[in-house]
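K.L.:
Dropping the structure in here first, questions after.
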Amino acid sequence: MASSVFYKFRSQREESRITFNGTGISVFDLKREIILANNLGKANDFDLYVYDAATNQEFPDDAQIIQRSSSIVVKRLPSAKPGRGKAAMYIANANNNNNNNNNSAAPEPSARPASSQNGPSSSYYKGVMSKRFDGKEDPAPA
Amino acid sequence: MADVPTLSVTMLGAGQEVGRSCCVLQYRGKTVVCDTGVHPAYSGIASLPFVDELDWSTVDAVLITHFHLDHAAALIYITEKTNFRDGKGKVYMSHPTKALYKFMMQDFLRMSSSGSDALFSPIDMAMCLSFITPVSAHQLITISPGLTFTPYHAGHVLGACMFLIDIAGLRILYTGDYSREEDRHLIKAELPPVRPDVLIVESTYGVQSLEGREDKEARFTSLVHSIIRRGGHVLLPSFALGRAQELLLILDEYWKKHPDLHTVPIYYASSLARKCMAVYQTYIHTMNSNIRSRFAKRDNPFVFKHISSMSQPKGWEKKIAEGPPCVVLASPGFMQVGASRELFELWAPDSRNGLIITGYSVEGTPARDILTEPEDFVTLKGNTIPRKISVDYISFSAHVDYSQNAEFIDLVKAQHIVLVHGEATAMSRLRAALTAKYKDSDDEVKIHTPRNLETLNLTFRSERVAKAIGT
Ligand SMILES: [Zn+2]
Ligand SMILES: [Zn+2]
Chain E
10 MASSVFYKFR SQREESRITF NGTGISVFDL KREIILANNL GKANDFDLYV YDAATNQEFP
70 DDAQIIQRSS SIVVKRLPSA KPGRGKAAMY IANANNNNNN NNNSAAPEPS ARPASSQNGP
130 SSSYYKGVMS KRFDGKEDPA PA
Chain G
9 MADVPTLSVT MLGAGQEVGR SCCVLQYRGK TVVCDTGVHP AYSGIASLPF VDELDWSTVD
69 AVLITHFHLD HAAALIYITE KTNFRDGKGK VYMSHPTKAL YKFMMQDFLR MSSSGSDALF
129 SPIDMAMCLS FITPVSAHQL ITISPGLTFT PYHAGHVLGA CMFLIDIAGL RILYTGDYSR
189 EEDRHLIKAE LPPVRPDVLI VESTYGVQSL EGREDKEARF TSLVHSIIRR GGHVLLPSFA
249 LGRAQELLLI LDEYWKKHPD LHTVPIYYAS SLARKCMAVY QTYIHTMNSN IRSRFAKRDN
309 PFVFKHISSM SQPKGWEKKI AEGPPCVVLA SPGFMQVGAS RELFELWAPD SRNGLIITGY
369 SVEGTPARDI LTEPEDFVTL KGNTIPRKIS VDYISFSAHV DYSQNAEFID LVKAQHIVLV
429 HGEATAMSRL RAALTAKYKD SDDEVKIHTP RNLETLNLTF RSERVAKAIG T
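Respectively, the protein sequence lines represent chains E and G.
Here the first sequence is numbered in the numbering used here, starting from 10 and rising by one per residue.
Here the second sequence is numbered in the numbering used here, starting from 9 and rising by one per residue.
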């Protein structure tokens with residue numbers, strides 16, 4: 010049976026959800042799913058922080074398990090060193106082994122992002138040359 | 009004094025970077041946000057400023073300096089996706105900016121809706137647009153008691169303004185992008201008639217100097233001409249709006265003077281620009297005397313004689329590429345994908361062809377990478393092709409260079425100067441140059457270069473001899 014955790018970026022009014030199997034999801038897996046669902050994987054300028062929505066307590070430990078049906082708040086903040094954001098680390102090998110880089114091991118093999126129907130691979134392997142812009146026409150720069 | 013009021017300045021974006029401008033000013037319980045842009049090297053939420061640290065319901069006003077995406081494109085997310093509307097906040101931009109903003113955002117939406125990471129929907133866009141209050145230059149706007157601002161012309165692009173903000177008597181001038189050289193259609197940035205306490209100023213070009221307009225135009229047109237003479241095609245990657253209009257004015261006039269070029273077509277296929285031409289014509293009165301006097305003589309400078317701007321059928325890039333010499337203005341300006349990229353890949357292997365980069369190229373984009381003139385280039389399909397096309401850089405991007413910026417900063421005479429909208433190295437060189445310049449000055453001048461989310465806390469005594477606490 011699919012379980013959910015509800016999340017929203019601190020600035021957002023509305024919640025989104027991440028679905029997974031089992032009774033809980035590790036902070037690591039949750040961050041990965043949020044990064045995939047929002048196509049944040051190629052940005053290297055930020056780190057993601059996760060907080061309990063009720064208490065505003067941060068979950069500093071990626072190994073910690075968040076129980077299903079919880080509500081959490083996420084913040085995107087500048088990485089300590091410019092250009093050294095950790096987003097890519099969370100999605101490394103996401104297509105192969107779900108638990109790579111994850112010292113915690115979620116209770117069940119985890120999660121497909123609910124909101125990304127065509128799967129994560131569509132969005133984050135592209136390099137600098139193949140950005141999102143598909144434009145015949147592109148709006149303006151600096 | 010115990011309870012000295014503090015002005016805090018927090019960059020949510022454009023702190024030691026170019027892109028996603030967003031500056032939060034807080035003083036005596038008031039909060040004003042200047043610009044809400046996106047970062048051109050990213051998409052979706054990753055392109056937003058660091059918006060999660062601000063409670064948007066506390067914002068009294070958002071002021072947008074101009075229509076460029078790196079200053080305006082995050083606005084719809086702010087008004088429709090955050091709790092901004094729970095508060096009393098208002099949104100202001102100039103009349104021409106609002107008129108052009110609509111078209112810019114339609115285009116932005118069309119391009120991002122193909123991805124899973126669209127920031128907003130067409131309904132969000134309509135809601136946001138109806139919420140924007142348009143303002144005129146030199147108009148004193150009262151946002152709430154004790155909080156006012158006045159827009160001044162900033163040059164740069166049609167509608168661009170800088171804002172002189174007055175919060176309980178404390179004055180802050182936020183320049184946005186600005187230029188101090190009159191070009192073919194716009195006036196140069198004005199010097200506000202009031203001395204502000206704080207100047208928040210762009211630093212895109214750091215300590216570089218840019219060549220004067222006439223030299224630059226002459227170099228540009230003779231380069232275009234020589235590429236045509238050697239039998240090549242000229243590619244000018246450019247954004248549909250803004251500097252493209254300036255380039256078209258230059259080319260149209262040059263063609264007029266050179267009958268031998270009349271058989272050489274200039275292509276400019278942009279439905280966005282076509283839609284916006286009406287806005288340009290509507291706001292002729294805000295442009296410079298050159299444009300206004302031509303218009304008065306029923307010579308509409310925006311009706312180009314030598315430029316074919318009809319819509320092109322699918323696959324036109326290939327057809328044009330295989331045809332005789334021509335000049336093409338094609339978007340996007342950074343050549344990530346699209347027409348400019350396709351033409352570049354078609355023309356790259358032939359040394360007769362020429363590429364001219366005409367604007368500031370943001371770090372991490374192909375337009376920036378190509379300036380190193382690599383011998384090979386990887387196509388979108390992943391093939392490596394030789395790069396024989398000539399590469400030149402002539403910037404028409406209408407930002408101040410060092411001497412113009414330094415002169416303006418001098419004239420403004422603020423006690424605190426906050427540098428924004430520049431890459432870290434450009435900014436630190438500018439800071440060093442300004443520090444050296446004011447070393448022996450009688451007025452104590454503080455220069456700041458905050459990073460994103462690195463809040464600057466400034467205090468002022470009643471007579472406004474400013475002193476910095478914080479960094
Ligand atoms: Zn601009
Ligand atoms: Zn800009």
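Even for Gly, the Cβ is constructed at its ideal location relative to N, Cα and C.
#1: Using the rule of at least 16 other Cβ atoms within 10 Å of the residue's Cβ for burial, across every protein chain shown, is residue 69 (chain G) buried or exposed?
#2: Who sits around ligand 1, taking every residue whose Cβ is closer than 5 Å to one of its heavy atoms?
#3: Measure how close the beta-carbons of residue 57 (chain E) and residue 75 (chain E) come, nearest whole angstrom, since I'm counting them as under 8 Å.
#4: Can you find a heavy atom of ligand 2 that lies under 8 Å from the Cβ of residue 26 (chain G)?
#5: Under 9 Å, Cβ to Cβ, is there at least one residue of chain E near residue 288 (chain G)?
#6: Is the segment 268-284 of chain G in contact with the segment 91-103 of chain G, if contact means three or more CB pairs nearer than 8 Å?
#7: Compare the C-alpha of residue 36 (chain G) against each of G:45, G:178, G:395 and G:22 and name the closest.
#8: Would you grab the beta carbon distance between residue 71 (chain G) and residue 228 (chain G) for me? Rounded to a whole angstrom, and I think it's under 8 Å.
#9: Once DSSP output is grouped into helix, strand and coil, what is the label at residue 295 (chain G)?
#10: At least one CB of chain G closer than 9 Å to the CB of residue 26 (chain E): is that the case?
#11: Is residue 78 (chain G) near ligand 2, with its Cβ less than 8 Å from a heavy atom?
#12: Are the CB atoms of residue 165 (chain G) and residue 76 (chain G) within a distance shorter than 9 Å?
#13: Would the C-beta of residue 21 (chain G) count as close to ligand 2, meaning under 8 Å from any of its heavy atoms?
#14: Tell me which residue opens and which closes the beta strand (DSSP E) that residue 193 (chain G) is part of.
#15: Roughly how many whole angstroms lie between the Cα atoms of residue 105 (chain G) and residue 145 (chain G)?
#16: Name the DSSP beta bridge partners of residue 156 (chain G), please?
#17: Does the Cβ-Cβ distance between residue 188 (chain G) and residue 460 (chain G) come in under 9 Å?
#18: In chain E, which residues lie with their C-beta within 8 Å of the C-beta of residue 162 (chain G)?
#19: What is the C-beta distance between residue 50 (chain G) and residue 52 (chain E), in whole angstroms, given that I count them as a contact (C-beta under 8 Å)?
#20: Regarding residue 90 (chain G) and ligand 2, is the C-beta to nearest heavy atom distance less than 8 Å?
#21: State yes or no: is the beta carbon of residue 147 (chain E) nearer than 9 Å to at least one beta carbon in chain G?
#22: Taking only heavy atoms of ligand 2 into account, decide whether any of them is closer than 8 Å to the Cβ of residue 429 (chain G).
#23: First and last residue of the alpha helix (DSSP H) that includes residue 233 (chain G)?
#24: Going straight from the alpha carbon of residue 108 (chain E) to that of residue 16 (chain E), what length do you get?
#25: Any beta carbon of chain G sitting closer than 9 Å to that of residue 68 (chain E)?
#26: Cα separation between residue 301 (chain G) and residue 292 (chain G)?
#27: So if I threshold CB-CB distances at 7 Å, which residues from the segment 38-52 of chain G count as touching chain E?
#28: Starting from the C-beta of residue 325 (chain G), find all residues in its chain whose C-beta is less than 6 Å away, skip the five residues before and the five after it, and write them out in chain order.
#29: At a CB-CB cut-off below 7 Å, which residues of chain E make contact with residue 283 (chain G)?
#30: Could you name the residues of chain E that residue 60 (chain G) contacts, counting a contact when the two beta carbons are closer than 8 Å?
#31: Using only the alpha-carbon positions, how far apart do residue 425 (chain G) and residue 211 (chain G) sit?
P.N.:
Answer, in terms of the structure:
#1: Here the question's residue 69 (chain G) lines up with position 61 in the second sequence. The residue is buried, with at least 16 neighbouring Cβ atoms inside 10 Å.
#2: This selection yields G:76 and G:185.
#3: Here residue 57 (chain E) corresponds to residue number 48 of the first sequence, with the count starting at 1. Here residue 75 (chain E) corresponds to residue number 66 of the first sequence, with the count starting at 1. No, residue 57 (chain E) and residue 75 (chain E) are not in contact; Cβ-Cβ is about 14 Å, not under 8 Å.
#4: Within the second sequence, numbered from 1, the residue matching residue 26 (chain G) stands at position 18. Under cutoff, so the answer is yes.
#5: On the second sequence, residue 288 (chain G) is found 280 positions in, with the first residue counted as 1. Closer than 9 Å: no.
#6: Flag = no, the segment 268-284 of chain G and the segment 91-103 of chain G do not touch.
#7: For this step, residue 36 (chain G) is matched to residue 28 along the second sequence. If we check each option's Cα against that of residue 36 (chain G), G:178 comes out closest.
#8: Taking the first residue of the second sequence as position 1, residue 71 (chain G) is located at position 63. Taking the first residue of the second sequence as position 1, residue 228 (chain G) is located at position 220. Not quite, the Cβ-Cβ distance comes to about 34 Å (not below 8 Å), so this is no contact.
#9: Position 287 of the second sequence, counted from the first residue, corresponds to residue 295 (chain G). In the displayed model, residue 295 (chain G) falls within coil according to three-state DSSP, outside both helix and strand.
#10: Within the first sequence, the letter at position 17 stands for residue 26 (chain E). So no, residue 26 (chain E) is outside the interface.
#11: As a first step, residue 78 (chain G) is located in the second sequence; it is residue number 70 there, counting from the start. The answer is yes for residue 78 (chain G).
#12: Reading the second sequence from its first residue, position 68 is the one you call residue 76 (chain G). Reading the second sequence from its first residue, position 157 is the one you call residue 165 (chain G). Yes; because the gap between Cβ atoms is below 9 Å, this pair is in contact.
#13: Here residue 21 (chain G) refers to the residue found at position 13 when the second sequence is read from its first residue. It does not: the Cβ of residue 21 (chain G) is nowhere closer than 8 Å to a heavy atom of ligand 2.
#14: Within the second sequence, numbered from 1, the residue matching residue 193 (chain G) stands at position 185. For residue 193 (chain G), there is no enclosing beta strand (DSSP E), since its DSSP letter is neither H nor E.
#15: As a first step, residue 105 (chain G) must be located in the second sequence, where it is residue number 97. As a first step, residue 145 (chain G) must be located in the second sequence, where it is residue number 137. Our two residues, residue 105 (chain G) and residue 145 (chain G), have alpha carbons roughly 12 Å apart in a direct line.
#16: Along the second sequence, one-based indexing puts residue 156 (chain G) at 148. BP columns for residue 156 (chain G) point to G:150 and G:174.
#17: Counted from its first residue, the second sequence places residue 188 (chain G) at position 180. Counted from its first residue, the second sequence places residue 460 (chain G) at position 452. Not a contact, by the Cβ cut-off of 9 Å.
#18: The sequence position of residue 162 (chain G) within the second sequence is 154, counting from 1. Ordered by position in chain E, no residue passes the 8 Å Cβ test against residue 162 (chain G), which lies about 14 Å from the chain.
#19: If you number the second sequence from 1, residue 50 (chain G) lands on position 42. If you number the first sequence from 1, residue 52 (chain E) lands on position 43. Contact between residue 50 (chain G) and residue 52 (chain E) holds, since their C-beta atoms are separated by about 5 Å, short of 8 Å.
#20: Start at 1 with the first residue of the second sequence, and residue 90 (chain G) comes out as number 82. Taken from the Cβ of residue 90 (chain G), every heavy atom of ligand 2 lies 8 Å or farther away.
#21: Indexing the first sequence from 1 puts residue 147 (chain E) at position 138. Low confidence applies to residue 147 (chain E): its pLDDT is 39, below 50, so where it sits in the model is not reliable, and the reading given next is rough at best. Closer than 9 Å: yes.
#22: The residue labelled residue 429 (chain G) in the question sits at position 421 within the second sequence. For residue 429 (chain G), the distance from the CB to the nearest heavy atom of ligand 2 is below 8 Å.
#23: The residue given as residue 233 (chain G) occupies position 225 in the second sequence. Counting along the chain, the alpha helix (DSSP H) containing residue 233 (chain G) begins and ends at 221-237.
#24: Translated into the one-based positions of the first sequence, residue 108 (chain E) becomes position 99. Translated into the one-based positions of the first sequence, residue 16 (chain E) becomes position 7. Because residue 108 (chain E) carries a pLDDT of 41, less than 50, the predicted location of this residue cannot be relied on, and the following value inherits that uncertainty. Cα atoms of residue 108 (chain E) and residue 16 (chain E): separation of roughly 21 Å, rounded to the nearest angstrom.
#25: On the first sequence, residue 68 (chain E) is found 59 positions in, with the first residue counted as 1. For residue 68 (chain E), the closest Cβ of chain G is not nearer than 9 Å.
#26: As a working mapping, residue 301 (chain G) is identified with position 293 in the second sequence. As a working mapping, residue 292 (chain G) is identified with position 284 in the second sequence. The straight-line gap separating the alpha-carbon atoms of residue 301 (chain G) and residue 292 (chain G) is approximately 10 Å.
#27: Within the segment 38-52 of chain G, the residues whose Cβ lies closer than 7 Å to some Cβ of chain E are 48, 50, 51 and 52, listed in chain order.
#28: Within the second sequence, numbered from 1, the residue matching residue 325 (chain G) stands at position 317. Cβ neighbours of residue 325 (chain G) beyond the five flanking positions: 347, 350 and 351.
#29: What you label residue 283 (chain G) is simply residue 275 of the second sequence in a count that begins at 1. By Cβ distance, chain E contributes nothing, its closest Cβ being about 11 Å from residue 283 (chain G), past 7 Å.
#30: Looking up residue 60 (chain G) in the second sequence gives position 52. Under the 8 Å cutoff, chain E gives 18, 19, 20, 83, 84, 85 and 86.
#31: The residue given as residue 425 (chain G) occupies position 417 in the second sequence. The residue given as residue 211 (chain G) occupies position 203 in the second sequence. Residue 425 (chain G) and residue 211 (chain G): Cα-Cα distance of roughly 11 Å.
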